Amino acid sequence: MTYFTADYLYAQGQLLEEHYLLVEEGVVQHIAPLRQLQPRAFRDMVAFEDAVIMPGLVNAHTHSSHSLLKGTVGLQHALTPEYVAMAARFAFCQLLRQGVTTVCDFLEVPDPDNRLALEIVQAAQAVGIRLALVKALPGQTSSTAGLEQWMTGLDQLAATAVDKPDLLTLHAGIDKWHPTLLKDSFALAQQWSADRHRRYHYHLTPTHLEREACFADFNTSAVCALDQLGVLDANGVGHHATWLDDEEMTLLSQAGAGLVMTPSTSLSYGEGCPRLVDALTSNIPIALGTGGWVRNNRGSILDEIRLVTLFQMSAFQRQAVLRPQQMLGLATEAAGTVLGLPVGSLAPQEKADFVVLDLNDWSLQPHNKLIHHLAFSIASTAINAVFVGGKRLVDTGELLSVDEQAIMQTIRQTVEQLG
Ligand SMILES: [Zn+2]
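Residue numbers for the sequence shown follow this note's numbering, beginning at 551 and rising by one.
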């Protein structure tokens, strides 16, 4: 077991002074005041000076396979296993350095033999980030045989990749919706996920054009279509969620279904910002994601917090719409709840994933409003160390698990070869 302490521990929305965090086998045992410790316990203490320990961030939606497509309009033909291997490493290294300890990665391209999925799994294991991999039914699928192939692939992936609850979880997902397959695809995803106590995931009309297509196909909105088919439930998580009307909000709330909002992606499509305040008021479980890297070139969940907050202020024409604790929660414990994983909270039996922040970083000055700064003014330069399962993976801003320079060199070569 190891004890960790710092000037402040940020836990359950509070800054605790003179406290420690006890970690055993990668799991938080408890947080308690230092004065309760026996003197000999300090031999196993890791103490960070001028520092804050806060929960690791959760990026609830990305597409790591697209990460090297920044600045392009999409080069799907380049998504070979070799390319995806480097793209996933690139994405996971960047996320981990930016304090993300859990990532939900949505693989939506055809991958019948699981070669792409396995490359993503191997990349996450090499970097050390906690991965929730969604193997989604590709949007191109239009036949029952395609559905069966997707399910077979999921089963084979679960058998091949070790589905370890501590670092890797596999999830079923649905990309674009096919009118004749919608009910069957959701029913299969529901059942597969229920058998494994997992969430299932689906894209929710990120653009107004897709929303219009949904009305053309189903004669109603996306959430209403799911409700009418009887496949809207608390185990499902809708991703992107740019366009939601009041009726959809009510249905999601009644079903207890989770949402992942991707503000940068929504805005980069030229769409509106997600209705975060309205969704929170409706008690819909919410998490944040960075979305695809073509749309979000920085892949920063801290950016998402700030961006969506500013847009809610603008929408409601008020300065203080969302509290910093609430916004930090969307990228930590609330995200763990949405994904159905024990992450995002420094609490007993939660995974010991945390970030150590440098209190001397300019972005955290002055210290009188520190929780506000953690949510809204923090820069990635403040991230000094990152731990996943109690294991240090970033130290003084550098990755310990992989050779960053070697990865960058290989990425440049990979992209040059592809042209
Ligand atoms: Zn997406």
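Cβ atoms here follow ideal geometry from the backbone N, Cα and C, with glycine treated the same way. Please read these numbers as outputs of a predicted model, since none were measured by experiment.
heavy atom of ligand 3 below 8 Å from residue i C-beta
{"i": "residue 854", "result": "You won't find ligand 3 in this model; what it holds is ligand 1."}
Residue i Cβ short of 8 Å to ligand 1 heavy atom set
{"i": "residue 841", "result": "yes"}
{"i": "residue 658", "result": "yes"}
{"i": "residue 813", "result": "no"}
{"i": "residue 789", "result": "yes"}
{"i": "residue 613", "result": "yes"}
{"i": "residue 824", "result": "no"}
{"i": "residue 756", "result": "yes"}
{"i": "residue 721", "result": "no"}
{"i": "residue 753", "result": "yes"}
Distance between residue j and residue i (C-alpha atoms, nearest Å)
{"i": "residue 805", "j": "residue 747", "result": "17 Å"}
{"i": "residue 872", "j": "residue 693", "result": "45 Å"}
{"i": "residue 721", "j": "residue 857", "result": "28 Å"}
{"i": "residue 753", "j": "residue 911", "result": "38 Å"}
{"i": "residue 895", "j": "residue 606", "result": "8 Å"}
{"i": "residue 669", "j": "residue 682", "result": "14 Å"}
{"i": "residue 599", "j": "residue 937", "result": "16 Å"}
{"i": "residue 769", "j": "residue 779", "result": "13 Å"}
{"i": "residue 942", "j": "residue 926", "result": "25 Å"}
{"i": "residue 695", "j": "residue 734", "result": "12 Å"}
{"i": "residue 601", "j": "residue 924", "result": "12 Å"}
{"i": "residue 773", "j": "residue 740", "result": "16 Å"}
{"i": "residue 947", "j": "residue 568", "result": "25 Å"}
{"i": "residue 914", "j": "residue 619", "result": "33 Å"}
{"i": "residue 588", "j": "residue 900", "result": "24 Å"}
{"i": "residue 676", "j": "residue 745", "result": "29 Å"}
{"i": "residue 882", "j": "residue 966", "result": "37 Å"}
{"i": "residue 697", "j": "residue 724", "result": "10 Å"}
Under the three-state DSSP convention, the category residue i falls into
{"i": "residue 609", "result": "strand"}
{"i": "residue 815", "result": "helix"}
{"i": "residue 647", "result": "helix"}
{"i": "residue 551", "result": "coil"}
{"i": "residue 557", "result": "coil"}
{"i": "residue 589", "result": "helix"}
{"i": "residue 721", "result": "strand"}
{"i": "residue 919", "result": "helix"}
{"i": "residue 828", "result": "helix"}
{"i": "residue 947", "result": "coil"}
{"i": "residue 702", "result": "helix"}
{"i": "residue 683", "result": "strand"}
{"i": "residue 629", "result": "coil"}
{"i": "residue 935", "result": "strand"}
{"i": "residue 734", "result": "helix"}
{"i": "residue 598", "result": "coil"}
{"i": "residue 797", "result": "helix"}
Spatial neighbours of residue i in its chain, beta-carbon cut-off 6 Å, leaving aside the 5 residues before and after
{"i": "residue 776", "result": "782"}
{"i": "residue 604", "result": "560 and 905"}
{"i": "residue 594", "result": "552 and 553"}
{"i": "residue 660", "result": "688"}
{"i": "residue 757", "result": "819 and 821"}
{"i": "residue 616", "result": "842, 843 and 844"}
{"i": "residue 812", "result": "611, 790, 839 and 841"}
{"i": "residue 885", "result": "608, 610, 837 and 894"}
{"i": "residue 674", "result": "642 and 681"}
{"i": "residue 918", "result": "none"}
Same chain only: Cβ atoms within 7 Å of residue i, ignoring 5 sequence neighbours per side
{"i": "residue 784", "result": "805, 806 and 807"}
{"i": "residue 862", "result": "826, 827, 871 and 872"}
{"i": "residue 953", "result": "none"}
{"i": "residue 940", "result": "552, 573, 576 and 902"}
{"i": "residue 887", "result": "835"}
Close beta carbons around residue i, own chain, < 8 Å, minus the five adjacent residues each side
{"i": "residue 579", "result": "551, 572, 573 and 898"}
{"i": "residue 850", "result": "648, 840 and 930"}
{"i": "residue 832", "result": "799, 800, 802 and 803"}
{"i": "residue 596", "result": "552, 553, 554 and 555"}
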